[in-house]
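S.K.:
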Amino acid sequence: MLKLPPQTHVIQILRHFQRHWGICLGTQPQREPISINSLGYNQMQVRQILGKTIALLLAMQLFLIGLQAKSQIDQGNSSIETLIWMTQQYISVLVKIRSLQDKREKNDSQK
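Following the working numbering, the numbering of the sequence shown begins with 23 at its first residue and continues without gaps.
1) So what does DSSP say about Gly73, is it helix, strand or coil?
2) Does Ala77 pass the burial test, meaning 16 or more other C-beta atoms within 10 Å, or should it be called exposed?
3) Closest to Leu84 by C-alpha separation, out of Asn129, Leu122, Lys125, Thr109, would be which residue?
4) Does DSSP put Gly88 in a helix, in a strand, or in coil?
5) Quick check on this structure: which residue in Arg69, Leu80, Thr75 has the alpha carbon closest to the alpha carbon of Ser114?
6) Go ahead and pull the three-state DSSP assignment for Gln97.
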């Protein structure tokens, strides 16, 4: 059976986290949230960092699809079935990439 600490200990622990980690026990936050701009990055730098991060994650996703396809073939699945599955997976990633490009072009044309 699980023994819980007395209620006073729980309250002390929560107050400790509230003081040292800024965890809010009420409805109002105690600290202002940290924004990227307050860290010294301008909006263009943030967009570039996010764009590169998204590109890296999408490239990793494509790599993992290929790795999973190789694993399927190694397990004895048909090469044709695996190729069809892999193509379907790649298409969904490429659609995401295209929609991100369209959004970026739209934002660039509005400037």
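Using N, Cα and C, we set each Cβ at its ideal position, and we do this for glycine too.
M.R.: The relevant details are as follows:
1) Along the sequence shown, read from residue 1 onward, the residue named residue 73 stands at position 51. Of the three classes helix, strand and coil, the one that applies to Gly73 here is helix, per DSSP.
2) The count along the sequence shown starts at 1 and reaches residue 77 at position 55. Result: exposed.
3) Working through the sequence shown from its first residue, we reach residue 84 at position 62. Of the candidates Asn129, Leu122, Lys125, Thr109, the one whose C-alpha sits nearest the C-alpha of Leu84 is Thr109.
4) Counting from one through the sequence shown, the residue named residue 88 turns up at place 66. Correct three-state label for Gly88: helix.
5) Residue 114 sits at position 92 when you count from the first residue of the sequence shown. Per the Cα distances, Leu80.
6) On the sequence shown, position 75 is the one that residue 97 refers to. Gln97 falls in the coil class under three-state DSSP.
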